[in-house]
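See below for the structure under consideration.
Number of protein chains: 2
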Amino acid sequence: MSEDSRPRVEVCFTPRSYELYNEDVDIVVCIDVLRATSAICTAFEYGVKKMIPVATLEEAIEYRQKGFIVAAERKGQIVEGFELGNSPRRYLDGEFDGKTIVITTTNGTKAIHTARKAQTVVIGSLLNLDALSEWLIKQERNVMLLGSGWKETFCLEDTICAGAFVDQLQQSGGFRSEFDSTIAAKYLYLSAKDNYFGYLKASSHRRRLKALNLNEDIKFCLTPNQTSVIPILRNGVLEKL
Amino acid sequence: MSEDSRPRVEVCFTPRSYELYNEDVDIVVCIDVLRATSAICTAFEYGVKKMIPVATLEEAIEYRQKGFIVAAERKGQIVEGFELGNSPRRYLDGEFDGKTIVITTTNGTKAIHTARKAQTVVIGSLLNLDALSEWLIKQERNVMLLGSGWKETFCLEDTICAGAFVDQLQQSGGFRSEFDSTIAAKYLYLSAKDNYFGYLKASSHRRRLKALNLNEDIKFCLTPNQTSVIPILRNGVLEKL
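Chains A and B supply the protein sequences, listed in that same order. Heads up, the first sequence is in this note's numbering, so the first residue is 1 and it goes up one at a time. Heads up, the second sequence is in this note's numbering, so the first residue is 1001 and it goes up one at a time.
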C-alpha cells in the first residue's frame, strides 16, 4: 500500500494476538506496567545483575530448590513460600545488589515467554521510557510494543505505555505505522499523559491493586523516567544492555 | 469485587477474543461500521425483508445457485460473479424492497457467526445508535458490543462505535462495566465523536477504502442515527425487530 521504507512501530495489545502482528518484527518491547516490567527495570537500576524470567510456578519452585532467590507473584500477591513478589519498591534499598533473581508473574513473564524467539527482546515500562525510546530510534529496525494484558484480556495501562513509546518513535520521523492498534494506543496515551493516575482510576488493574493496598506501587510505576537501564533478553536471561 | 447488581455493558474488540469476554452475556451487538453492519441497517431501513448472513463464499455460491440475491464482499470489493457487495448506499433506491438477501463479508458476517449461539444477537452501527441504545437500556440485560476487526486485528472504527453505545448505556445509570477494553472504547469514542471522519483519517480501513474510491460510503457509515431499525438474528436469519 505504501512505498515508505522506514521501519515500522506497532502495538500488539496482548500475547494472545502476537502472531497477528509479528510479521517482520525485529525488536519486541515487553510491557507490564503494573508491575512486572516496572519491577525488572527497578531491580537493574538498583544493582541486580541478572534476572531469569520463567512462565510457570513449577519452574520457579525448581529454581528455589536449587538455591536461587525467586520472585513469584500471582493475582497481585506474593506466592506463599516465596520471598519476593513483583513490587518494584522492594528493590530500592539495594539489598539485591549483584544478585541473580528468578521471576514469574501473572502476566508479564508470559509476554516475555511469548516473544522469546524474536531477534531482540527488551523490557519497557514508563520508568525507562525516554532511555529506551532513544535506543529504539537509533536501531532503525521494526519494533513491536507488546502489552501483557490481564489474563489475556486488553489492559489499559500497558496500552498507554505502548502509546508513549509510539509517540516518541513517530516524533523522531524515523518510523511508520500501519495497524489501528497503534493509532489507538497513541490516542489513549495522548489523553492520559497529563494524569496517568486519574486516567487509570477506573481501570480494572488499579481497582485490583488498590484493594490489595498497593497504591504506592501504582504511583511509583506511573512515574516516568526514573531509570535509563534497558533490560535485554540473552539466551533466556535478562541483563542490562 | 463488587456488589453492584446492575447488568454489565462490555466491549470485545474482535471475534478472536470472544470467549474471554463471553461470560454471562445475554445480548451481543455485532458491529462492522465499514461496512457490513451499516449496510444491513440501511437495507432494512429501505425495505429489505430478511437477510441471511453466511460466513463463507462457498455458502454464498450455494445460495446464488438456488436463485437468491447474494451480496458478497472480500477486501472491500464485490466478489466477481455477484451483483452486490457491502455498500450501504446500494440500498437507498428501494430496489430490494420486500426481498431476502444473502450476505457474506470479509469481517462483519464472521462476527455474527461467532456470536450466533448467544441468547440474543442484534446488529449495531452508528446508523442505528440511538434507537438500539434505547432498546438495550430497556432490556436490563448483560450486553457485549462485539467489533468485527480487520482480519482478526483490532479496528478503530468498530471500537469507536462500541464506545458510543457504552457511553449511552452508562449514562442511563443502569449499567456497570469491568473490562479495560470497555473503558478504552469509551475514551476513544469521546475523543472521536466531534469529527469521526478526521479522527479515522489515519486508520488502516479508511486508507484501504479510500484507495478503492469509497469515501462516499465512509461518510455515509460515519453519519449517526439515519435509521431506527434494529436487525435481530432469529434462527440464523436477520429480521427487523
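Cβ atoms here follow ideal geometry from the backbone N, Cα and C, with glycine treated the same way. Bear in mind the structure is a predicted one, so any value in this text is a computation, not a measurement.
For residue i, three-class secondary structure by DSSP
{"i": "A/Glu178", "result": "coil"}
{"i": "B/Ile1078", "result": "strand"}
{"i": "A/Ala55", "result": "coil"}
{"i": "A/Glu62", "result": "helix"}
{"i": "A/Thr100", "result": "strand"}
{"i": "B/Leu1200", "result": "coil"}
{"i": "B/Gly1124", "result": "strand"}
{"i": "B/Lys1210", "result": "helix"}
{"i": "B/Leu1084", "result": "strand"}
{"i": "A/Ala72", "result": "strand"}
{"i": "A/Lys50", "result": "strand"}
{"i": "B/Gly987", "result": "The requested residue 987 of chain B does not occur in the structure, where chain B is confined to residues 1001 to 1241."}
{"i": "B/Glu1045", "result": "helix"}
{"i": "A/Thr159", "result": "helix"}
{"i": "B/Asn941", "result": "This structure leaves residue 941 of chain B out entirely; chain B is present only between 1001 and 1241."}
{"i": "B/Arg1016", "result": "helix"}
{"i": "B/Thr1106", "result": "coil"}
{"i": "B/Glu1134", "result": "helix"}
{"i": "A/Ser191", "result": "helix"}
{"i": "A/Gln139", "result": "helix"}
{"i": "B/Tyr1090", "result": "For the sequence presented, residue 1090 of chain B should be read as Arg rather than Tyr. Helix, per DSSP."}
{"i": "B/Ala1118", "result": "coil"}
For residue i, the residue or residues it bridges with in DSSP
{"i": "B/Gln1037", "result": "For the sequence presented, residue 1037 of chain B should be read as Thr rather than Gln. The partner list for B/Thr1037 (beta bridge, DSSP) is empty, contrary to what the question assumes."}
{"i": "B/Thr1153", "result": "B/Trp1150"}
{"i": "A/Thr223", "result": "Beta-bridge pairing links A/Thr223 to no other residue."}
{"i": "B/Ala1164", "result": "Paired residues: none, contrary to the question."}
{"i": "B/Val1237", "result": "B/Arg1234"}
{"i": "B/Leu1145", "result": "B/Val1011 and B/Val1029"}
Alpha-carbon spacing of residue i relative to residue j, whole angstroms
{"i": "B/Lys1138", "j": "B/Leu1241", "result": "14 Å"}
{"i": "A/His113", "j": "A/Met51", "result": "13 Å"}
{"i": "B/Ala1036", "j": "B/Trp1135", "result": "21 Å"}
{"i": "A/Gly81", "j": "A/Leu238", "result": "24 Å"}
{"i": "A/Gly236", "j": "A/Asp26", "result": "17 Å"}
{"i": "A/His205", "j": "A/Ser228", "result": "26 Å"}
{"i": "A/Asn86", "j": "A/Trp150", "result": "15 Å"}
{"i": "A/Ser191", "j": "B/Ala1192", "result": "12 Å"}
{"i": "A/Tyr18", "j": "A/Thr120", "result": "15 Å"}
{"i": "A/Pro88", "j": "A/Gly124", "result": "14 Å"}
{"i": "B/Cys1012", "j": "B/Ala1185", "result": "9 Å"}
{"i": "B/Lys1099", "j": "A/Thr104", "result": "59 Å"}
{"i": "A/Val9", "j": "B/Glu1095", "result": "46 Å"}
{"i": "A/Arg16", "j": "A/Leu146", "result": "10 Å"}
{"i": "A/Ala39", "j": "A/Tyr91", "result": "8 Å"}
{"i": "A/Cys221", "j": "B/Leu1214", "result": "45 Å"}
{"i": "B/Arg1176", "j": "B/Arg1006", "result": "6 Å"}
{"i": "B/Glu1216", "j": "B/Leu1169", "result": "30 Å"}
{"i": "A/Val102", "j": "B/Pro1224", "result": "53 Å"}
{"i": "A/Gly108", "j": "B/Lys1066", "result": "53 Å"}
{"i": "B/Thr1014", "j": "B/Asp1194", "result": "25 Å"}
{"i": "B/Gln1226", "j": "B/Glu1023", "result": "32 Å"}
{"i": "A/Glu58", "j": "A/Cys161", "result": "30 Å"}
{"i": "A/Ser181", "j": "A/Glu83", "result": "38 Å"}
{"i": "B/Ile1230", "j": "B/Pro1053", "result": "15 Å"}
{"i": "A/Val79", "j": "B/Asp1130", "result": "48 Å"}
{"i": "A/Thr56", "j": "B/Glu1062", "result": "49 Å"}
{"i": "B/Gln1171", "j": "B/Ile1069", "result": "41 Å"}
Contacts of residue i in chain A (Cβ-Cβ under 9 Å)
{"i": "B/Cys1161", "result": "Simply none; closest approach about 13 Å."}
Contact list for residue i against chain B, beta-carbon separation under 8 Å
{"i": "A/Phe179", "result": "Thr1153, Phe1154 and Ser1204"}
Check whether residue i and residue j have beta carbons under 8 Å apart
{"i": "A/Ala60", "j": "A/Ala43", "result": "no"}
{"i": "A/Leu20", "j": "B/Thr1153", "result": "yes"}
{"i": "A/Asp4", "j": "A/Gly47", "result": "no"}
{"i": "B/Ala1202", "j": "A/Ile183", "result": "yes"}
{"i": "A/Leu200", "j": "A/Gly76", "result": "no"}
{"i": "A/Met144", "j": "A/Val33", "result": "no"}
{"i": "B/Glu1140", "j": "B/Gly1174", "result": "yes"}
{"i": "A/Leu127", "j": "A/Cys41", "result": "yes"}
{"i": "B/Tyr1187", "j": "A/Leu188", "result": "yes"}
{"i": "B/Lys1117", "j": "B/Ser1148", "result": "no"}
{"i": "A/Asp158", "j": "A/Ile31", "result": "yes"}
{"i": "A/Arg74", "j": "A/Thr106", "result": "yes"}
Partners in chain B for residue i, counting only beta-carbon separations shorter than 7 Å
{"i": "A/Ser191", "result": "Tyr1187 and Ser1191"}
{"i": "A/Leu20", "result": "Glu1152 and Thr1153"}
Contacts that residue i makes with chain A (C-beta to C-beta distance below 8 Å)
{"i": "B/Ala1184", "result": "Phe154, Leu156, Thr159, Ala184 and Leu188"}
Legend entry - Residues of the region 1009 to 1040 of chain B with Cβ closer than 8 Å to any Cβ of chain C, in chain order: Included in the structure are the protein chains A and B, with no chain C among them.
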